[in-house]
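K.L.:
First the structure, which I've put down as structure tokens, then a few questions once you've had a look.
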Amino acid sequence: MFLQHQTNTVAILVRATEGSPPFVDELFCRRLSLESHRYGLNIIVLAVSNNPSVSRLTQGYVFDRGEWNIVPLPAVDLIMDRCLLPLPRTFKQQLQQLASSGNGHPARYWSASLPGKWKVYRALSTDIRLRALLAPTTLLKSDTLWEQWLERWPKGIFFKPVSGTHGKDTFRLYREDRHTSWIMEGRNTRNELIHRTFEHRQDVSAWLDSHKASKKMILQPYLELSHHERPFDIRALVQKNGRGHWSLTGCMVREGPAGSLTSNLHGGGKAYPVHPYLLERYGSKQSNALLETIRQAAARIPTLLEGRFGRLAELGLDFGADVDGRLWLLEVNSRPGRSSFAEAGDPRMHSLTYARPLAYARYLLQQHVLTDVKRTTKMPNTSSTAGLKPIPIHGG
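Numbering (the UniProt record's numbering), first residue to last: 1 to 396.
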């Protein structure tokens, strides 16, 4: 139930699904709903259907007295888009009508969204310090010389969709020791393990063409990012706080099952505190060096991407460390999950992952920093240098 004396309403857009409640990301929506009164905000959840026949939003959901209740659509002051797919045009038009700007401005969003992995990679490549953390990457095309990549990187080459999430549709291609066949292993669209063997080069090319036809893919070297034969990465979460400044909320390690290519929790992975995990893997000196490099990267990435793609609110930065202790920046996500912070046993840091989105929403509304998020000029009252201050890494 909305608080009667409040005037600021934040709508969270999530993907509709079967079940009760009929939308994904329920925990995120519930946590923000339970904490919203502390920030003078109302939270309403809008479930967006992927079904073309469902052309309009007709109702919203409010968490009250331990359950989700259906409510009529209200006017909203801020839109938090958590959908992982593009919004249908009809929904965008309706959201424009719901946004209570009253002055003809576009619908007002809490954060912009990043484009696909290829555009983000190219933007990050413009920074000489970040470039050293990036693996060679190219967009998969019909004329991509994948055999030359495989010769250069004999451990294999790794493919992933430009707009994919949760490790779905990712696969590694490599050759057996005797070089008599090609092996492909990875996960399909349903996140199920897949494995295929190709005896002829033409079959490999046909397989790649079929994937390229359905979705854009990027190609990278396969990096040996494992510990005890289990793949792992380091998730760093950077968020804007209640003053509009970037801050590193914390870091966690995500470890995948033995034999898996990725460490995503959706693929059966687990989360661990970052300090003891890296200490066991690399020792004290190298672990500290890795964490310092993460701090420095976390200080540079947000403002660089804001300058290219518009005002952002939070980013999930995924790093990998190879067997030699070299750090790689694997991916940047503008709609990061929080499961790893819940599982790794740091209640304070986990609480911050939910508190900071609300604090930043209040800041935006109080400061009227509601210009179009796609504008690339610096936003008022937003510190572009806050991330350059020393930032402690929590989660150890």
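Just so you know, even glycine gets a beta-carbon here, dropped at the ideal spot from N, CA and C.
#1: With DSSP collapsed to three states, give me the class of Asn288.
#2: Nearest-angstrom Cα distance between Asp233 and Leu225?
#3: Examine the ligand ZN and report whether any of its heavy atoms sits within less than 7 Å of the Cβ of Ser260.
#4: From His227 to Gly316, what does the alpha carbon distance come to, in whole angstroms?
#5: Between Gly186 and Thr170, how many whole angstroms is the CB-CB distance? I'm expecting something under 8 Å.
#6: Assign Lys285 to buried or exposed, taking buried as 16 or more other Cβ atoms, counted over all protein chains shown, within 10 Å of its Cβ.
#7: Do you know offhand how far Lys212's Cα is from Val120's?
#8: My parser needs the beta strand (DSSP E) runs of 3 or more residues fully inside the region 148-177; what are they?
#9: Just how far apart, CA to CA, sit Val45 and Trp149?
#10: Give the DSSP-derived three-state secondary structure of Gly307 in the structure shown.
#11: Return helix, strand or coil for Ala199, following the three-state DSSP convention.
#12: Less than 8 Å between C-beta atoms, sequence neighbours within five positions excluded: which residues of the same chain meet that for Asp77?
#13: With DSSP as the reference, label Thr353 as helix, strand or coil.
#14: Going along the chain, which residues of its own chain have a beta-carbon closer than 8 Å to the beta-carbon of Gly19, five neighbours each way excluded?
#15: Does the Cβ of Ile128 have 16 or more other Cβ atoms within 10 Å, making it buried, or fewer, making it exposed?
#16: Which of helix, strand or coil does DSSP assign to Gln366?
#17: What three-state label does DSSP hand Thr7 in the structure shown?
#18: Take Pro22 as the anchor and find which of Leu248, Leu41, Ile70, His275 has the nearest alpha-carbon.
#19: Thr377: buried (16+ other C-beta within 10 angstroms of its C-beta) or exposed?
P.N.:
Straight from the coordinates:
#1: Helix, per DSSP.
#2: In a straight line, the C-alpha of Asp233 is about 7 Å away from that of Leu225.
#3: The ligand content of the structure shown is nil, which means the ligand ZN is not present either.
#4: Rounded to whole angstroms, His227 to Gly316 spans 22 Å at the Cα level.
#5: About 5 Å; that satisfies the 8 Å criterion.
#6: It counts as exposed.
#7: Rounded to whole angstroms, the separation of the alpha carbons of Val120 and Lys212 is 19 Å.
#8: List check, beta strand (DSSP E) in window: 157-161, 171-175.
#9: When rounded, the distance between both Cα atoms is 46 Å.
#10: The DSSP-derived three-state label of Gly307 is helix.
#11: Per the sequence shown, the amino acid found at residue 199 is Glu instead of Ala. Coil, per DSSP.
#12: Taken in chain order, the residues that qualify are Thr7, Asn8, Thr9, Val10, Ala99, Ser100, Arg108, Leu365.
#13: Correct three-state label for Thr353: helix.
#14: Shown here for Gly19: not one same chain residue has a beta carbon closer than 8 Å to its own, the five before and five after excluded.
#15: Its Cβ having fewer than 16 others within 10 Å, Ile128 is exposed.
#16: Helix.
#17: The answer is coil: DSSP assigns Thr7 none of H, G, I, E or B.
#18: Comparing alpha carbon positions, the residue from Leu248, Leu41, Ile70, His275 closest to Pro22 is Ile70.
#19: Per-residue confidence for Thr377 stands at a pLDDT of 40, beneath the threshold of 50, marking its modelled position as unreliable; the derived number appears in the next sentence. Residue burial annotation: Thr377 is exposed, with fewer than 16 other C-beta atoms found within 10 angstroms of its C-beta.
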